[in-house]
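J.: The structure under discussion is supplied below as structure tokens; questions concerning it will follow.
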Amino acid sequence: MAINTLADVSPPEQHGQCPHCLGTGWRHNSNEDKRVMRCECKLGIRAKKLIENAGIPPRYESCTLETYRAESSKPSLVNAKAKALKFVEQYPIDKTGLIFVGKAGAGKTHLAIGIIKELTSRKGITCLFCNFQELLEKIKNSYDPSVQTTSMGLLRPVFDSEVIVLDDLGSVIPTGWVWDTVSLILNTRYNANLTTIITTNFQDGTAASSDEDGEAARARRANREQTLGDRIGERMRDRVHEMCRMISIWDVPSYRDRNPNSLVR
């Protein structure tokens, strides 16, 4: 955020004030540039509050992009970390989200949390972490049978936060209600041009066709590994493709195997 001039800001004459902004909270962008920007002394305070309000679970509080181990022998890990770093550098010029696709233990959640930590600490962006299954449980539990409605207060931060992580998308057995809720969240954020970062354990693929009849067709569907299309529906899978760039992390050992002391997904 920048304003045009410091002329209207009168720095207080106090000891111990920031030498860069003289206590105003604003500093020049550069020696030649007359524009000003938020001083790091204020960004640090704001970043701390943003992190506290981001809903990051305690088990992931040590996750950063710096601590994500991407061995050079595993190109998909190197690529995933590089794209996460690039996303942070280019935001908000490029607000296209990301979807990390890979098996459990690939470190998808670590990368997603690392991104929102960078955005809050370096750029003062309001971010929110949401575990998909836990979010749906909270929505269900807020249902008021007397008026047959669910509290929208739970969803307001999900709708309004500048960047959210939707962790473990597709983890809940699909029903009409689940699909409606996914549709509401993704479409609301899409229409508001807000950034969504997604993690999922399901390969990107179309939903199984139900057009075929007969025992053999049913057996093929039963034995087939489910895809993201199966779990969230084809319409919302297409929406995810519009909102996010896909980063695949499949052909790697579990992150927990690479980091024996890690509890991170």
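Residue 13 is where the sequence shown starts when you use my numbering, and the numbers rise one by one after that.
Ideal placement from N, C-alpha and C gives every residue a C-beta, glycine not left out.
1. Quick check: what's the CA-CA separation for Asp-10 versus Phe-99?
2. With H, G and I counted as helix, E and B as strand and the rest as coil, what does DSSP make of Asp-242?
3. Taking 6 Å as the limit between beta carbons, can you name the residues of its chain near Arg-148, skipping five residues before and five after?
4. Under 8 Å, with one C-beta from each stretch per pair, do the region 88-96 and the region 68-75 reach the 3-pair mark?
5. Name, in chain order, the residues that DSSP records as bridge partners for His-32.
6. If we ignore side chains and look at the alpha-carbon of each, how far apart do Phe-214 and Gln-238 end up?
7. Please say whether Thr-207 and Asp-179 have beta carbons closer to each other than 8 Å?
8. By how many angstroms is the C-alpha of Leu-181 removed from the C-alpha of Pro-278?
9. Reducing DSSP to helix, strand and coil, say where Gly-126 ends up.
10. Can you tell me where the alpha helix (DSSP H) with Leu-97 in it begins and where it stops?
11. Following the continuous beta strand (DSSP E) through Asp-179, name the residue where it begins and the one where it ends.
12. What would DSSP say about Ser-260, mapped onto helix, strand or coil?
13. Apply the 10 Å Cβ neighbour rule to Asn-143 and answer buried if 16 or more other Cβ atoms are within range, or exposed otherwise.
14. Just grab the DSSP bridge partners of Ile-210 for me.
15. Can the beta-carbon of Trp-115 be found less than 8 Å from the beta-carbon of Trp-262?
16. Taking 8 Å as the limit between beta carbons, can you name the residues of its chain near Met-248, skipping five residues before and five after?
17. Exposed or buried, which one is Met-255 when buried takes at least 16 other CB atoms within 10 Å?
18. When DSSP labels each residue in this structure, what does Cys-139 get in the three-state scheme?
19. Quick one: using the 10 Å Cβ neighbour count with 16 as the cut-off for buried, is Lys-120 buried or exposed?
20. Return the CA-CA distance between Ala-96 and Arg-134, expressed in angstroms with no decimal places.
21. Would you identify the three-state DSSP class for Asp-192, choosing helix, strand or coil?
22. How big is the Cα-Cα spacing for Cys-53 and Thr-79?
23. So, Ile-1 versus Ile-244, is the Cβ gap smaller than 8 Å?
T.: Answer, in terms of the structure:
1. Missing from the structure shown is residue 10; the chain here goes from 13 to 277 and no further.
2. helix
3. In the sequence on display, residue 148 carries Leu and not Arg. Within the same chain, Leu-148 has close Cβ partners Val-184.
4. no
5. Paired residues: none, contrary to the question.
6. 7 Å
7. no
8. The requested residue 278 does not occur in the structure, where the chain is confined to residues 13 to 277.
9. helix
10. 87-102
11. 175-179
12. strand
13. Buried, by the Cβ-count rule.
14. Ile-111, Leu-178
15. Sequence inspection shows Lys at residue 115; the Trp mentioned does not correspond to that position. Yes, the pair counts as a contact, with Cβ atoms nearer than the cut-off.
16. Trp-191, Val-194, Ser-195, Leu-198
17. buried
18. strand
19. buried
20. 14 Å
21. helix
22. 25 Å
23. What is shown of the chain runs 13 to 277, which leaves residue 1 out entirely.
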